[in-house]
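Here is the structure we will look at, set down as structure tokens.
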Amino acid sequence: MIVLRSMYHFMRSDFQERVRSFSFLVVVIMTLFMGYFFVPPRDANYQTLTLGNARGVYNSPWVGTMFGAMSATLSPLITFYLINNAVRRDRKTGVGRIIAGTPTSKPVYVLGKWLSNLAVLSLILFILTVTALGMQLFRGEDRHIDLWSLVAPIWLMGLPVLASVAAMGVLFESVPFLSGSFGNVAYFFLYMAMLPLFIAGTTDANGMSQPSCDFYGMSRPIASMQRELLKIDPDYGGSLSIGAEKFTADPIIFRWEGIVWTPRIFVERLMWFGIAMVLALTAVLPFDRFDPARRRDKSGHGVGQRLKVFGLSKRTVELPERRDPALSGKDLIEVPVADLRPLNDRKGYWRFGTVLLAELRLALRGHAWWWYAGVVAFVVGGAATKPEVSLMILFFSWLWPLKVWSMMGARETHHFTYKLIFSASHPLRRQLAATWLVGVFFALLLGTGVALGLVIRGETGQLVAVLLGAVFIPSLALALGTWSNTPRMFEVIYLILWYGTFNLAGGMDFKGLALEDVSWEIPFVCLGLSLLLYVVAVVGRWKELQR
Amino acid sequence: MKLVIDNVGKRYKGNVWGLRNFSLELRPGILGLLGPNGAGKTTLMNILATVTKPTEGRVTWNGKDTARLPNTLRAVLGYLPQDFGIYPNLNAVEFLQYLAAIKGVSGKAARRRIDELLQLVNLTDVCKRPLGGYSGGMKQRVGIAQALLNDPQLLVVDEPTTGLDPEGRVRFRNLLSDLSGERIVILSTHIVSDVEATATEIALIRKGHLLQHAAPEQLLQAVEGKVWMCTISSHELTSFRQQYLISSTARRSDGVHVRIVADAQPADAAQGVPPTLEDAYLYSISSTQGAAQNSEMREQ
């Protein structure tokens, strides 16, 4: 009973803390926005849940299944980054150390955090449910509300998947090397890799649905839809699309009345829920229970400065607390006399260069040896390989400094150093500009090899594209960092943009990719956008300074 | 060198005023800013450090408005906030080098300064260890060092001895005294002994208002002949607490030794004793607030 109460309170306090934040309000607005766009009108140039070139009438079963499919397949990508901070917050605020001093066991804590994640995601699911109801009425193709047919697919499909996302959040936070930027990237690729696998699991070789290995819970409703469609369109080949699909002509509209959500389906979904819970419990193994001794070794070996010790004169002073028995009779101590040499050369050097170097040193610190090795490998690899491979290397090399870029503009708040930095001279003109240039430097550095190859081959068009990319990425990072004050927003948006661009560029096949294929305005748009983003960053920082 | 705080006020969300009608004029020396928790000390420190802007009134440094021209002050400002962070992957030297660059100090001058400061705050032995592994007191000493990097003319230190051990506190007090020559030092704290050891003038602040601005001697004079010591039994202590302003108690074998601040002799056996700044502080604060608040203050 006590265990359950502890778990409940972990869940409740964490849930309250999160939903009262401004960022959650943003998430709610985004959820409503996405819900609106997920139910396009008949004449829209895109459709979201389609079978071939057909979709169902927007009645309760269809809209419910649409939102269920969205919750199960698309939302895990975004929601993970929303909930992936429950343990981190306890670590950062010091609450974790207080918890560590209580009888709370690791399984109770981990499950409490999982439940908290799940509570937040359930609230989002609830908002989606309300949005689905509103959108069915708003589109008005069928205004009859069958509440069960609307709600059941959303929760039966969405909740077990989101329970897994909640578990992944706790697990990633408990594994030291997955708890930061690397973990965010790793989850992104894990999601991208698993999505087609799980969707493939819902259909057989002929494209027809099958319930085995159905993580998303979509096989039965999809199979039912397919049967219904085949009655009016015998040529339907079994294709299914979830997400925005371009439609130039009006889709075929057919009526689908949903499925019976049998107890067997409930048991199947419950099984996935159970698996999610077990996944969350595995976090107990790597979780350090806020023991600083189990964190990464931060010993002072490595780069350091040799100190030239100046002989400050000393004097003996009395300890005022000498009567304190804890001081064991230590009445006198030697303290140095603060005869610091005055600084005379306040204006005798180029300050911006100094700040730039300092920012560069800061960005270079705190990485593992393999990170530096990776930088070298990307530079060399980019220069030494065939053109089509070198461009692919460029794509991956521009993931490498993600941690550096994501901290741009957010670092001062993230590490709580803003009072020190913002009380120094010209925080906008010097420090922010230097931060941006360091970001550009990393993009250029990682692209050096590829750029060299392009220069040698005389491919100036692509060289320009590389240079513009090197300016655009840090500008985006700085803008998002200064406004969100967290590295995560850039990480999520950049990964999505990266993936989209990567696919647009041909995925793993870069043969034939050339800037000549791209409209001439694009470089100017990209440059203009970069400048705009930099201005946005300046305004964001200026706003911070005006508090 | 002159810092003028002219009728400054700061309003937070929900129409809560952290500071109101606050005026002071400062010249070189150490100002001890004393007040209970939540009095508005940190708000004032943030305004002086140009981290936040006043809602009303203005602060001028040598005649220049620090809200309109913050960089004039920032170039000569040393600021130790009450709460601040560090970059955990940097060691003390690297962190100070970074901040020195941000403050416009570089090259040989910065290196020499950092060496001296690390020695001064007793961090030389651990200066190559990443800051992530530092204790709270060690981080505080790094904070003290960074505040002095640019040889500031205005040094603003907010609760600087928090987390320091007794030896560290003594070191810091001596450091402040040594530095106070041709610069303005503002020391905000609720630890009266820190102010007693260093301040040349004291400002008392409560609920965002300036109560008093005077030399320590003037504050002490106000309470002269009003501090008493007597020994009472344990069961009398509660009624004494309700009747008088008690500045300290100590349990001894013959009873409880009580230090009382009162206009009249509280008991026949009570003997007058020389006042301390703590007595003067309590007396000043209590004369403007109710008995219930007095009790809260004594606990602090």
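Keeping their order, the protein sequence lines are chains A and B. Going by this note's numbering, the letters in the first sequence line up with residues 1 to 547, in that order. Going by this note's numbering, the letters in the second sequence line up with residues 1001 to 1300, in that order. The C-beta atom is built at its ideal place from N, Cα and C for all residues, glycine as well.
1. For a test of the three-state rule: what should DSSP assign to Leu445 (chain A), helix, strand or coil?
2. Which residues in the same chain have their Cβ closer than 8 Å to the Cβ of Ala1145 (chain B), if we skip the five residues on either side of it in sequence?
3. Identify the contact partners of Gln1140 (chain B) in chain A, using a Cβ-Cβ distance below 9 Å as the criterion.
4. On the CB-based measure, 16 or more other CB atoms within 10 Å of its CB, does Lys1013 (chain B) come out buried or exposed?
5. Grab the span of the alpha helix (DSSP H) containing Cys213 (chain A) for me, first residue to last.
6. So, is Lys419 (chain A) buried or exposed, given that buried needs 16 or more other C-beta atoms within 10 angstroms?
7. Write down every uninterrupted run of the beta strand (DSSP E) in the stretch 1207-1261 of chain B whose length is 3 residues or greater and which is fully enclosed by it, in chain order.
8. For Gln1201 (chain B), which option in B:Gln1212, B:Pro1216, B:His1209 and B:Asn1174 has the closest C-alpha, if you only look at C-alpha atoms?
9. So Asn1150 (chain B) contacts chain A; which residues on that side make the cut at Cβ distance below 7 Å?
10. Could you tell me how far apart the beta carbons of Pro1054 (chain B) and Ala1039 (chain B) are, in whole angstroms, since I believe they sit closer than 8 Å?
11. Pro221 (chain A) and Pro286 (chain A): beta carbons closer than 8 Å?
12. Could you list which residues in chain A have their beta carbon closer than 7 Å to that of Ile1102 (chain B), in chain order?
13. Using the C-alpha atoms, what's the distance from Lys1226 (chain B) back to Gln1153 (chain B)?
14. Does any C-beta atom of chain A lie closer than 8 Å to the C-beta of Tyr1098 (chain B)?
15. For Asn1007 (chain B), name the three-state secondary structure that DSSP assigns.
16. Tell me whether Lys1103 (chain B) sits in a helix, a strand or coil according to DSSP, three-state version.
17. Quick check on Arg547 (chain A) - is its C-beta less than 8 Å from some C-beta in chain B?
18. May I ask you to list, following chain order, the residues of the stretch 122-135 of chain A that have a beta carbon less than 9 Å from some beta carbon of chain B?
19. Quick one: what does DSSP say Gln1271 (chain B) is sitting in, helix, strand or coil?
20. Please decide whether Asn1015 (chain B) counts as near chain A, where near means a Cβ-Cβ distance under 8 Å.
21. What do you reckon, are the CB atoms on Ser530 (chain A) and Phe490 (chain A) nearer than 8 Å?
22. Does the beta-carbon of Asn1007 (chain B) have 16 or more other beta-carbons within 10 angstroms, so that it is buried, or is it exposed?
23. Among residues of its own chain, excluding the 5 on either side of Arg42 (chain A), which ones have a beta-carbon nearer than 8 Å to its beta-carbon?
24. In chain B, what lies closer than 8 Å to Arg361 (chain A) by C-beta?
25. Would you call Val151 (chain A) buried or exposed, if buried means 16 or more other Cβ atoms sit within 10 Å of its Cβ?
26. So, are the CB atoms of Ala1203 (chain B) and His1190 (chain B) less than 8 Å apart?
27. Could you name the residues of the same chain whose beta carbon sits closer than 8 Å to that of Tyr349 (chain A), not counting the 5 residues immediately before and after it, in chain order?
28. Give the residues of chain B in contact with His415 (chain A), contact being defined as C-beta atoms less than 9 Å apart.
29. Counting beta carbon pairs with one atom in the stretch 354-372 of chain A and one in the stretch 1100-1110 of chain B, are three or more of them shorter than 8 Å?
30. Just how far apart, CA to CA, sit Ala132 (chain A) and Ala72 (chain A)?
31. Below 8 Å CB to CB, which residues in the same chain sit around Ile127 (chain A) once its five sequence neighbours on both sides are set aside?
32. Return the chain-ordered list of same chain residues with a C-beta closer than 6 Å to the C-beta of Val165 (chain A), the five sequence neighbours on each side being excluded.
33. Would the beta-carbon of Arg1112 (chain B) fall within 8 Å of that of Ser423 (chain A)?
34. Please name the residue in A:Arg255, A:Gln16, A:Thr482 and A:Met70 whose C-alpha comes closest to that of Leu162 (chain A).
35. Determine, using beta-carbon pairs with one atom in the stretch 9-29 of chain A and one in the stretch 109-121 of chain A, whether at least three such pairs fall under 8 Å.
36. Who are Val1170 (chain B)'s beta bridge partners in DSSP?
Answer, in terms of the structure:
1. Here Leu445 (chain A) sits in helix by DSSP.
2. Ala1092, Leu1096, Ile1114, Leu1117, Leu1118, Leu1120, Val1121 and Leu1123
3. Ordered by position in chain A, no residue passes the 9 Å Cβ test against Gln1140 (chain B), which lies about 13 Å from the chain.
4. So Lys1013 (chain B) counts as exposed.
5. Cys213 (chain A) -> no alpha helix (DSSP H), and no H or E assigned at all.
6. buried
7. 1209-1214, 1227-1232, 1245-1252 and 1255-1261
8. Sequence check: residue 1201 (chain B) is Glu here, not Gln. Distances from the CA of Glu1201 (chain B) to each of B:Gln1212, B:Pro1216, B:His1209 and B:Asn1174 were compared; the closest alpha carbon is that of B:Pro1216.
9. Leu343
10. Not quite, the Cβ-Cβ distance comes to about 17 Å (not below 8 Å), so this is no contact.
11. no
12. Val355, Ala358, Ile421, Ala424 and Gln431
13. 39 Å
14. yes
15. strand
16. coil
17. Arg547 (chain A) counts as touching chain B.
18. none
19. strand
20. no
21. no
22. exposed
23. Sequence-distant partners of Arg42 (chain A) (beyond 5 residues in either direction) whose C-beta falls short of 8 Å from its own C-beta, in its chain, are Glu141, Asp250, Pro251 and Ile253.
24. Glu1094, Gln1097 and Tyr1098
25. buried
26. no
27. Caution applies to Tyr349 (chain A), whose pLDDT of 49 falls short of 50 and renders its modelled position unreliable; the model cannot decide the point.
28. Here the neighbours are Gly1085, Ile1086, Tyr1087 and Pro1088.
29. Contact between the stretch 1100-1110 of chain B and the stretch 354-372 of chain A is present, because at least three Cβ pairs lie under 8 Å.
30. Across the structure, Ala132 (chain A) and Ala72 (chain A) are spaced so that their CA atoms are roughly 15 Å apart.
31. So the qualifying residues of the chain are Val28, Thr31, Leu32 and Gly35.
32. Pro76, Thr79 and Phe80
33. no
34. For the residues A:Arg255, A:Gln16, A:Thr482 and A:Met70, the minimum Cα distance to Leu162 (chain A) belongs to A:Met70.
35. The answer is yes - the stretch 109-121 of chain A touches the stretch 9-29 of chain A, with three or more Cβ pairs under 8 Å.
36. Answer is none; Val1170 (chain B) lacks a bridge partner.
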